[in-house]
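Shown next, in structure tokens, is the structure this report addresses.
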Amino acid sequence: MRVSELAEALGVNAVDLVKKLIALGVMASVNQAVDYDSAEVLVSEYDKVLKKEETADISDFENFEIEEKAEDLLERPPVVTIMGHVDHGKTTLLDAIRKTNVASGEAGGITQAIGAYSVQCHGKLITFIDTPGHAAFTEMRARGASITDIVIIIVAADDGVMPQTKEAIDHAKAAGVPILVAINKIDKPEANIDRIMSELVENGLTPEEWGGDIVVNKISAKTGVGIDELLENILLVAEMEGYKANPHRYASGAVVEAKKDNKIGSVATLLIQNGTLRLGDPIVIGNYFGKVRTLKNDKGQNIVEAGPSTPVEVTGISEVPSAGDKFMAFESEKQAKQIAEERRLRSKEQDQNFSGMTLEELFGRIQEGVKEIKVVLKADVNGSLEAVKGALEKIDVEGVKVNVIRGAVGAITESDVVLASASNAIIIGFNVRGNTKTMDTAKQYGITIKTYDIIYKIVEDMEKAMKGMLDPEYEEKVMGTLEVRQLFKFSKVGLIAGCHVTSGVVKSNQKARIIRDDVVVYNGSVNTLQHEKDQVKEVKKDMDCGITLVNCQDYKEGDMIEVYELVEIAR
Ligand code: GDP
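4 is the number of the first residue of the sequence shown in the working numbering; add one for each residue after it.
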């Protein structure tokens with residue numbers, strides 16, 4: 004409610020309200036909105052009561068449920084995603100499906116302009132979303148954008164159910180959508196369909212022909228065998244599920260992918276989930292306002308409108324949105340702008356809750372009531388990104404969960420650090436690191452960057468941290484170096500290495516290693532240290548000394564001895 008509206012409702016002068024607000028420490032002009040709490044105080048001053056009207060907030064369109072009348076709902080095409088292990092034939096299958104469609108008389112060529120397309124089968128449309136790996140699928144789901152109606156799990160008949168297949172199954176199951184299986188590459192002589200079937204059973208997908216409820220399609224994306232049947236089976240599922248939408252309203256849906264084009268600015272592939280999107284529509288994508296400047300279909304042709312389940316490419320948005328961002332079109336530019344602004348403010352508020360924290364601090368925060376651990380995750384490839392993300396999101400320590408607020412492929416960058424700082428997140432790198440500048444920025448912001456190369460270790464660390472059971476972590480710190488210059492042999496003590504301390508300080512209780520021609524040939528600790536005739540506790544740079552190492556008789560002139568300590572480091 005604006006201050007002016009509140010004044011009108013109370014029958015008082017708006018300027019008086021502004022003054023009262025200032026007294027409350029709230030700076031708002033007559034035309035600005037007043038928050039609920041302040042309004043409540045103001046209203047009580049006039050002996051009135053403020054009542055919250057329980058209306059859905061359309062600006063929160065991720066959670067805004069549009070109630071549709073049954074008569075407005077029309078059948079819409081099913082939206083299908085294909086997922087599976089790398090090299091099992093997802094791309095080939097998507098291409099094959101597109102070509103089938105072209106052969107059936109579709110004009111316009113087969114160049115796929117965007118990451119999603121529609122095909123026709125028996126006069127009905129099916130929309131395929133080509134998500135780059137499971138990452139996008141998961142990310143979209145994490146953002147509440149369930150764009151897929153049906154998931155096809157593709158398994159190569161010559162390979163079997165692999166780790167990413169399992170993950171795909173998990174994600175599809177978690178999404179609660181119907182699953183169809185496509186056993187691909189059946190043209191190959193080594194294809195072993197029965198083995199795949201039993202592996203499917205092991206992973207909770209029992210084929211219909213084995214008494215379960217999973218429709219298994221045996222196909223060859225290469226030769227085209229079985230693809231028609233697969234499409235027919237998709238239509239059967241669609242018929243049973245009865246996907247519907249209302250084309251007679253402003254469009255809403257989700258971003259499939261987006262990029263920045265140097266010439267035309269931000270370009271986004273959108274999936275329209277409800278309503279009809281028209282050229283020129285004011286639109287809010289994520290937190291940004293836009294106006295549909297160009298509208299193209301999946302073949303790159305300009306169109307003027309598109310209905311439910313249609314993938315389109317739009318330009319005219321002020322920023323590049325992220326995959327999975329929801330969008331909504333509005334009647335007026337003013338409303339769209341206002342909603343984008345509200346959303347931006349809200350997300351800023353959510354982000355500004357606190358700044359970065361260390362793994363050690365996690366437990367304390369959880370005890371203070373933090374229910375969600377935010378993580379910025381960077382990984383080397385989509386597959387591992389998706390796997391780590393999945394593993395992190397499964398963590399549940401007494402109701403506290405991990406939320407991957409950004410999951411992306413590539414090195415850790417300064418923008419990740421900034422995001423982590425804005426959202427009080429931890430940064431996790433899987434098989435990737437950040438450059439020196441990024442690490443410095445992270446230090447400056449107090450952001451923890453942890454890098455790993457084993458997934459279970461990430462999960463273990465996070466869980467331990469969340470339970471406050473983190474073991475201290477140590478780092479080797481080289482304290483001094485010596486050069487072996489001469490060997491002395493004694494009958495009682497054996498070999499003593501006569502050394503010159505080339506850097507630092509050498510102490511008798513330190514750990515030590517011998518490096519010979521750049522190779523570590525011994526790793527243990529200092530046994531005795533002697534200066535001239537005396538046993539000493541330490542020797543410093545530029546001094547000579549005699550050293551023996553525990554259980555070591557192998558010294559050579561020219562060896563380098565490095566002494567080091569393990570120091571506890573902050574996580
Ligand atoms: P993706 O990583 O899942 O997208 O897999 P691709 O579609 O790139 O396929 C991986 C490899 O398998 C490519 O060399 C394809 O030519 C081959 N391939 C895909 N489908 C079939 C098939 O049905 N039969 C045979 N023989 N090879 C296939």
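Even for Gly, the Cβ is constructed at its ideal location relative to N, Cα and C.
Inset, instruction - Let me know the secondary structure DSSP gives residue 251 once reduced to three states. - result: DSSP places residue 251 outside both helix and strand once states are collapsed to three, so it counts as coil.
Inset, instruction - Please state whether DSSP places residue 101 in a helix, a strand or coil. - result: The answer is helix: DSSP assigns residue 101 an H, G or I state.
Inset, instruction - Can you have a look at residue 113 and say buried or exposed, based on whether 16 or more other CB atoms are within 10 angstroms of its CB? - result: Residue confidence for residue 113 is low, a pLDDT of 46 falling below 50, so the modelled location carries little weight and cannot support an answer.
Inset, instruction - Go through the segment 161-228 residue by residue and report every complete run of the beta strand (DSSP E) that reaches 3 residues or more, in order. - result: 182-187, 218-221
Inset, instruction - Please go through the same chain and pick out, in chain order, the residues whose beta-carbon is closer than 6 Å to the beta-carbon of residue 285, but skip the five residues on each side of it. - result: 294, 333, 336, 339
Inset, instruction - Grab the span of the alpha helix (DSSP H) containing residue 385 for me, first residue to last. - result: 385-397
Legend entry - Cβ pair residue 186, residue 172 closer than 8 Å: no
Inset, instruction - Give a yes or no on whether the C-beta atoms belonging to residue 511 and residue 532 are separated by under 8 Å. - result: yes
Inset, instruction - Taking only beta-carbon positions, decide if residue 452 is within less than 8 Å of chain B. - result: Here there is only one protein chain, and chain B is not present.
Inset, instruction - Say yes only if the C-beta of residue 223 is nearer than 7 Å to one or more non-hydrogen atoms of the ligand GDP, and no if none qualify. - result: yes
Legend entry - Proximity of residue 503 and residue 557 at Cβ, strictly below 8 Å: Taking the C-beta atoms as reference points, residue 557 is found no nearer than 8 Å to residue 503.
Legend entry - Buried versus exposed, by CB contacts within 10 Å (16 or more), residue 101: Within a 10 Å sphere around the beta-carbon of residue 101 sit 16 or more other beta-carbons, which makes this residue buried.
Inset, instruction - Give every residue of the same chain whose Cβ lies closer than 7 Å to the Cβ of residue 270, excluding the five residues on either side of it in the sequence, and list them in chain order. - result: Once the five neighbours on either side are set aside, the close Cβ partners of residue 270 are 261, 262, 264, 316, 318.
Inset, instruction - Measure the C-alpha to C-alpha separation of residue 243 and residue 183 and round it to an integer number of angstroms. - result: 14 Å
Legend entry - Identity of the residue in 287, 407, 402 nearest residue 394 by Cα: The residue with the shortest Cα to Cα distance from residue 394 is 407.
Legend entry - Exposure of residue 399, with buried meaning 16 or more beta-carbon neighbours within 10 Å: exposed
Inset, instruction - Tell me where the alpha helix (DSSP H) around residue 71 begins and ends. - result: Per DSSP, residue 71 belongs to no alpha helix (DSSP H) and is neither H nor E.
Legend entry - Segments of 3+ residues assigned as beta strand (DSSP E) that fall wholly inside the segment 238-319: Listed in chain order, they are 255-264, 268-277, 285-288, 291-299.
Inset, instruction - Just grab the DSSP bridge partners of residue 548 for me. - result: 502
Inset, instruction - Can you have a look at residue 152 and say buried or exposed, based on whether 16 or more other CB atoms are within 10 angstroms of its CB? - result: buried
Legend entry - Straight-line gap, residue 164 to residue 157 (C-alpha atoms, nearest Å): The C-alpha of residue 157 is placed about 9 Å away from the C-alpha of residue 164.
Inset, instruction - Evaluate contact between the segment 411-418 and the segment 379-387, counting only Cβ atoms and requiring at least three cross-stretch pairs below 8 Å. - result: yes
Legend entry - DSSP-derived helix/strand/coil call for residue 61: coil
Inset, instruction - State the DSSP-derived secondary structure class of residue 49, mapped to helix, strand or coil. - result: Correct three-state label for residue 49: coil.
Legend entry - Per-residue DSSP class, three states only, for residue 120: strand
Legend entry - residue 174 Cβ short of 7 Å to the ligand GDP heavy atom set: no
Inset, instruction - Rounded to whole angstroms, what's the CA-CA distance from residue 539 to residue 549? Just pull it up for me. - result: Between the C-alpha atoms of residue 539 and residue 549 there is a straight-line separation of about 10 Å.
Inset, instruction - Reducing DSSP to helix, strand and coil, say where residue 331 ends up. - result: Three-state result, residue 331: strand.
Legend entry - Pair within 8 Å by beta-carbon distance, residue 321 and residue 291: In contact: residue 321 and residue 291 (Cβ atoms closer than 8 Å).
Inset, instruction - Within 10 angstroms of the Cβ of residue 267, are there 16 or more other Cβ atoms? Answer buried if so, exposed if not. - result: exposed
Legend entry - C-alpha gap between residue 388 and residue 455, whole angstroms: When rounded, the distance between both Cα atoms is 12 Å.
Legend entry - Closest by C-alpha distance to residue 445, when choosing among 461, 424, 326: 424
Legend entry - Burial state of residue 482, where buried means 16 or more other Cβ atoms lie within 10 Å: buried
Legend entry - Separation of residue 31 from residue 282, as counted between CA atoms: 36 Å
Inset, instruction - Just confirm the distance between the C-beta atoms of residue 522 and residue 552, as a whole number of angstroms; I'd bet it's less than 8 Å. - result: With a Cβ gap of about 16 Å, residue 522 and residue 552 do not count as contacting.
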